[in-house]
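In what follows, a single structure is set out as structure tokens and then discussed.
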Amino acid sequence: MASKASAEASALPAAEEEKGYTPPPPEKPSDTRRRSYIVWSYWLIVIFLGLPIWWQTTAIHRANLPLDSMMQWADGKACRPVFPLQIDIRVDALQEPEAQHLVRLTQHALDDLNEFSGHHLRLRLAPKEGAAADAADEAEPALTIHCRPGDAATSTLSSEQPVLDITYPPGAAPQLSSASSGLAALITSELRATFAEEQSIIAYLLSMSSMAGGGAAPTPEAAEALARRTTRSLRYAPAYHLTFSLFTDRALPNAWDVDRALDEHIRPMLAALAPIHNFTIDTQVQLYATPGDQSEVLSREALSSFINAAEWPLSPSIGGAPTVNFVLYVGNQTIRLDEDAEADAAGGSTSQSWTIPQWGSVYLLALPSTEAHVSAATLRRPMLTFGGHLLSLLGTPSSGSLPLRLSSLTRIRSTDLLLRASSSLGSLARLTGKLPSIAIPQSVADGVETTLRHLERACADLGGAEGLAHARVAEREAERAFFEKSMVGQLYFPDEHKIAVYLPLLGPISVPLVMGLVAEVKNWIARRRKRAEEAKGKKTQ
1 MASKASAEAS ALPAAEEEKG YTPPPPEKPS DTRRRSYIVW SYWLIVIFLG LPIWWQTTAI
61 HRANLPLDSM MQWADGKACR PVFPLQIDIR VDALQEPEAQ HLVRLTQHAL DDLNEFSGHH
121 LRLRLAPKEG AAADAADEAE PALTIHCRPG DAATSTLSSE QPVLDITYPP GAAPQLSSAS
181 SGLAALITSE LRATFAEEQS IIAYLLSMSS MAGGGAAPTP EAAEALARRT TRSLRYAPAY
241 HLTFSLFTDR ALPNAWDVDR ALDEHIRPML AALAPIHNFT IDTQVQLYAT PGDQSEVLSR
301 EALSSFINAA EWPLSPSIGG APTVNFVLYV GNQTIRLDED AEADAAGGST SQSWTIPQWG
361 SVYLLALPST EAHVSAATLR RPMLTFGGHL LSLLGTPSSG SLPLRLSSLT RIRSTDLLLR
421 ASSSLGSLAR LTGKLPSIAI PQSVADGVET TLRHLERACA DLGGAEGLAH ARVAEREAER
481 AFFEKSMVGQ LYFPDEHKIA VYLPLLGPIS VPLVMGLVAE VKNWIARRRK RAEEAKGKKT
541 Q
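Going by the UniProt record's numbering, 422 is the number at position 422 of the sequence shown; the sequence numbering is gapless.
What follows is the structure, given as structure tokens:
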């Protein structure tokens, strides 16, 4: 067998020599080892140096986010909105023990109703008129109730101060031994009526989120009315720009005492709104064609052609603040409120102004054709109307004195900002969970941390100006973190794009490396097989 194999091996070179082919010399073992070292060194560099560098330079940075805390705020588990309201009751006609008993009876009646646990009405007895108040009672009350004896039970809410005047008949005052009182029931019912609109607005806002408010959900009719109110109101902004425009279809009038009218009727209200919003004002006089409907009474259908913001040369937003437009149009026209034309002809109701949701309002002013100047006295009624429309557009409750309405607006805005910031945190947490390849820069983590810190402070003081300030910062930081440019840009760079970028670069490099590795593995297998055959042959010999 061995002689036959050696004869065949010796016959092959002889055949090749006859054909003129000289085989290459056998490869030296040192050359084989050198080639193996070269191939494996390339692969070692790729695996232990190239891949780590590539991984570090192309890895997406994802800062750590407190996802559990973010979802707790989004699910309404981190905060229960509570608005502590201090109510002062002054009863100068009663002795202090009887007055204290009245406060206790009224407090028990309010606690038993418990229709909206978010409002914690804390009653306290105010010192009598002329008496000095204690240092511990210096906190400004949300409402002061003055109770005076009279012939009948009446109540009057002041239009300038957060003061409720109640007149009670004889026998309504409580006795020390009595467990009920007509005066306590009257105060309870008036307090419920005073804060009913605010409670319904806050309950509606909470019902639209996952945060529990401790109150019953509004009825479908009330929810629809509140939805219209929310649609009409402007979205919260720390600052607004107010533009007052005089529009006329002729050369006259060409001047108006707008600065004096603003100083008398608008700027005092803006000063009261300063803790909630900042305002800038500009004015202008513009020419505008007569509305298409030439009748003295405009229908609602004609308003769509009259209101065309694209054609009106109104001032744009200044400094990024939303613009609220107030247009005074000089024309002898009114707006029909009744849809029935016969009812209007018979004396139906008409109006000279109307609001445009999230835009502003328009007032139609009838002036003689020869009047060239609009005086401040003539502007009084339009400016008062514009002031009421501004409060409506800002979402202010419609009842109560201006200070009471503004304090309600503070609590409503605080709730709205708190819910919006919590919703933004939840959206950000869900986004980072669904898109593991999205980048999360450190600025987003810092914004989330700032938002959580201010949300906790806002939740602790929702009823005051400090709570509104913290809620404002929380909402701003949450929006900034969610709309981070570097993070949003990753949404438009999916994995398919990465493959399209890397394949033309890595393809020409990887082919020779892979083919060299395959050839080296084959040679190594062949050498092992040869050594195994040689070892087997020695054993047989």
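Glycine included, every Cβ here is placed at the ideal spot set by N, Cα and C.
**OP:** Label Leu394 either buried or exposed according to how many other C-beta atoms from any shown protein chain fall within 10 Å of its C-beta, with 16 as the threshold for buried.
**Re:** Start at 1 with the first residue of the sequence shown, and residue 394 comes out as number 394. By the 10 Å Cβ count, Leu394 comes out buried.
Original post:
Who are the Cβ neighbours of Tyr168 in its own chain at under 8 Å, not counting the five residues just before and after it?
Top reply: Along the sequence shown, one-based indexing puts residue 168 at 168. The residues are Cys147, Arg148, Pro149, Gly150, Ala153, Gly182, Leu183 and Leu186.
Subject >> Nearest neighbour of Ser361, chosen from Pro382, Ser375, Thr378 and Ser369 [CA to CA] >> reply: In the sequence shown, the residue the question calls residue 361 occupies position 361. Looking at the Cα atoms, Pro382 is the closest of the given residues.
Original post:
Out of curiosity, what's the CA-to-CA distance linking Ile201 and Thr432?
Top reply: Along the sequence shown, one-based indexing puts residue 201 at 201. Along the sequence shown, one-based indexing puts residue 432 at 432. So the alpha carbons of these two residues sit roughly 33 Å apart.
Original post:
Is Arg413 buried or exposed, if buried means 16 or more other CB atoms sit within 10 Å of its CB?
Top reply: As a first step, residue 413 is located in the sequence shown; it is residue number 413 there, counting from the start. Its Cβ being crowded by 16 or more others within 10 Å, Arg413 is buried.
Subject >> Spatial distance of Ala63 from Pro508 (CA atoms) >> reply: Mapped onto the sequence shown, residue 63 falls at position 63. Mapped onto the sequence shown, residue 508 falls at position 508. About 35 Å.
Original post:
By a C-beta neighbour count over all protein chains shown, 10 Å radius and 16 as the cutoff for buried, is Ala535 buried or exposed?
Top reply: Your numbering for residue 535 matches position 535 in the sequence shown. Under this definition Ala535 is an exposed residue.
Subject >> Inter-residue Cα distance where the pair is Thr32 and Ile53 >> reply: One-based indexing of the sequence shown puts residue 32 at position 32. One-based indexing of the sequence shown puts residue 53 at position 53. So the two alpha carbons sit approximately 31 Å from each other.
**OP:** Let me know if Ala173 comes out buried or exposed under the rule of 16 or more other beta-carbons within 10 Å of its beta-carbon.
**Re:** Here residue 173 refers to the residue found at position 173 of the sequence shown. Result: buried.
**OP:** Could you check the C-alpha separation between Ile89 and Ala109 for me, to the nearest Å?
**Re:** The count along the sequence shown starts at 1 and reaches residue 89 at position 89. The count along the sequence shown starts at 1 and reaches residue 109 at position 109. Roughly 15 Å between the two C-alpha positions.
**OP:** Give me the Cα-Cα distance between Ala225 and Ala59, rounded to the nearest whole angstrom.
**Re:** For the purposes of this step, residue 225 is identified with residue 225 of the sequence shown, where counting begins at 1. For the purposes of this step, residue 59 is identified with residue 59 of the sequence shown, where counting begins at 1. Using only the alpha carbons, I get a separation of about 51 Å.
Original post:
Using the C-alpha atoms, what's the distance from Ala460 back to Glu198?
Top reply: Position 198 of the sequence shown, counted from the first residue, corresponds to residue 198. Position 460 of the sequence shown, counted from the first residue, corresponds to residue 460. Using only the alpha carbons, I get a separation of about 19 Å.
**OP:** Verify whether the separation of the beta carbon atoms of Leu85 and His61 is less than 8 Å.
**Re:** Translated into the one-based positions of the sequence shown, residue 85 becomes position 85. Translated into the one-based positions of the sequence shown, residue 61 becomes position 61. Going by C-beta atoms, Leu85 is not nearer than 8 Å to His61.
**OP:** For the alpha helix (DSSP H) containing Trp55, list its first residue and its last residue.
**Re:** Locating residue 55 in the sequence shown gives position 55, where the first residue counts as 1. Element bounds for Trp55: Leu51 to Thr58.
**OP:** Tell me whether Phe482 sits in a helix, a strand or coil according to DSSP, three-state version.
**Re:** Translated into the one-based positions of the sequence shown, residue 482 becomes position 482. Residue state, collapsed to three classes: helix.
Original post:
Who are the near neighbours of Val163 in its chain, counting only those whose CB is closer than 7 Å to its CB and skipping five residues on each side?
Top reply: The sequence position of residue 163 within the sequence shown is 163, counting from 1. Around Val163: Thr144 and His146.
Original post:
Can you tell me whether DSSP reads Leu427 as helix, strand or coil?
Top reply: Working through the sequence shown from its first residue, we reach residue 427 at position 427. Note on residue identity: the sequence assigns Ser, not Leu, to residue 427. Ser427 falls in the helix class under three-state DSSP.
Subject >> Neighbourhood of Leu67 by C-beta, 6 Å cutoff - its chain only, sequence neighbours within 5 removed >> reply: Counting from one through the sequence shown, the residue named residue 67 turns up at place 67. Contacts found: Ala429.
**OP:** Take Ala469 and list the residues in its own chain whose beta-carbon comes closer than 6 Å to its own, dropping the five residues that flank it on each side.
**Re:** For the purposes of this step, residue 469 is identified with residue 469 of the sequence shown, where counting begins at 1. Within the same chain, Ala469 has no close Cβ partners at all.
Original post:
Are Ala532 and Met487 close, meaning C-beta to C-beta below 8 Å?
Top reply: One-based indexing of the sequence shown puts residue 532 at position 532. One-based indexing of the sequence shown puts residue 487 at position 487. Result no, Cβ atoms of Ala532 and Met487 do not sit closer than 8 Å.
**OP:** Within the same chain, show all residues whose beta-carbon is closer than 8 Å to that of Gln72, passing over the 5 residues directly before and after it, in chain order.
**Re:** Taking the sequence shown and counting its residues from 1, the one referred to as residue 72 is at position 72. Excluding residues within five positions, the ones whose Cβ falls inside 8 Å are Ala78.
Original post:
What does DSSP give as the partner residues of Val330 in its beta bridges?
Top reply: As a working note, residue 330 is residue 330 in the sequence shown. Beta-bridge pairing links Val330 to Thr248 and Leu365.
Original post:
So Thr248 packs on Asp282, CB below 8 Å; how close in whole Å?
Top reply: Here residue 248 is taken as the residue at index 248 of the sequence shown, counted from 1. Here residue 282 is taken as the residue at index 282 of the sequence shown, counted from 1. Contact between Thr248 and Asp282 fails: their C-beta atoms lie close to 18 Å from each other, not under 8 Å.
Subject >> Residue closest to Thr194, alpha-carbon to alpha-carbon, out of Asp259, Ser155 and Arg232 >> reply: Residue mapping note: residue 194 aligns to position 194 of the sequence shown, counting from 1. Nearest Cα to Thr194 within the set Asp259, Ser155 and Arg232: Ser155.
**OP:** For Leu404, collect the residues of the same chain with a Cβ closer than 7 Å to its Cβ; drop the 5 residues on either side in sequence, then sort them by chain order.
**Re:** Residue mapping note: residue 404 aligns to position 404 of the sequence shown, counting from 1. Leu143 and Pro162, listed in sequence order.
**OP:** Can you check DSSP and say which residues form a bridge with residue 549?
**Re:** Residue 549 lies beyond the residue range present for the chain, which begins at 1 and ends at 541; the question has no answer from this structure.
**OP:** Locate the beta strand (DSSP E) running through Phe83, then write down its first and last residues.
**Re:** Locating residue 83 in the sequence shown gives position 83, where the first residue counts as 1. It spans Phe83 to Val91 - the beta strand (DSSP E) in which Phe83 sits, taken as one unbroken run.
Original post:
Roughly how many whole angstroms lie between the Cα atoms of Gly76 and Ser423?
Top reply: Your numbering for residue 76 matches position 76 in the sequence shown. Your numbering for residue 423 matches position 423 in the sequence shown. Cα to Cα, Gly76 sits roughly 9 Å from Ser423.
Subject >> contact_flag[the segment 31 to 45, the segment 510 to 519] where n(CB pairs < 8 Å) is 3 or more >> reply: yes
Subject >> Straight-line gap, Ala74 to Leu123 (C-alpha atoms, nearest Å) >> reply: Numbered from 1 along the sequence shown, position 74 holds the residue referred to as residue 74. Numbered from 1 along the sequence shown, position 123 holds the residue referred to as residue 123. Distance between the alpha carbons of Ala74 and Leu123 is about 33 Å.
Subject >> Minimum C-alpha distance to Val330 - residue among Trp256, Arg260, Pro141 and Ser178 >> reply: Here residue 330 refers to the residue found at position 330 when the sequence shown is read from its first residue. That would be Trp256, whose Cα lies nearest to the Cα of Val330.
Subject >> Identity of the residue in Pro141, Ser392 and Arg260 nearest Leu234 by Cα >> reply: Here residue 234 is taken as the residue at index 234 of the sequence shown, counted from 1. Minimum Cα distance to Leu234 is reached at Ser392.
Subject >> Cβ neighbour criterion (16 or more within 10 Å) applied to Tyr502 >> reply: Numbered from its first residue, the sequence shown carries residue 502 at position 502. Answer is exposed; the Cβ neighbour count stays below 16.
Original post:
Between the C-alpha atoms of Ser180 and Met269, what's the straight-line distance to the nearest angstrom?
Top reply: The residue given as residue 180 occupies position 180 in the sequence shown. The residue given as residue 269 occupies position 269 in the sequence shown. Near 42 Å, if we compare the C-alpha coordinates of Met269 and Ser180.
Subject >> Asp340 burial status per 10 Å Cβ neighbour count (16 or more: buried) >> reply: Locating residue 340 in the sequence shown gives position 340, where the first residue counts as 1. Per-residue confidence for Asp340 stands at a pLDDT of 41, beneath the threshold of 50, marking its modelled position as unreliable; the derived number appears in the next sentence. With fewer than 16 Cβ atoms within 10 Å of its Cβ, Asp340 is classed as exposed.
Subject >> Rounded straight-line distance, which links the Cα of Leu246 to that of Gly388 >> reply: For the purposes of this step, residue 388 is taken as the residue at position 388 of the sequence shown. For the purposes of this step, residue 246 is taken as the residue at position 246 of the sequence shown. If you take the alpha carbons of Gly388 and Leu246, they lie about 18 Å apart.
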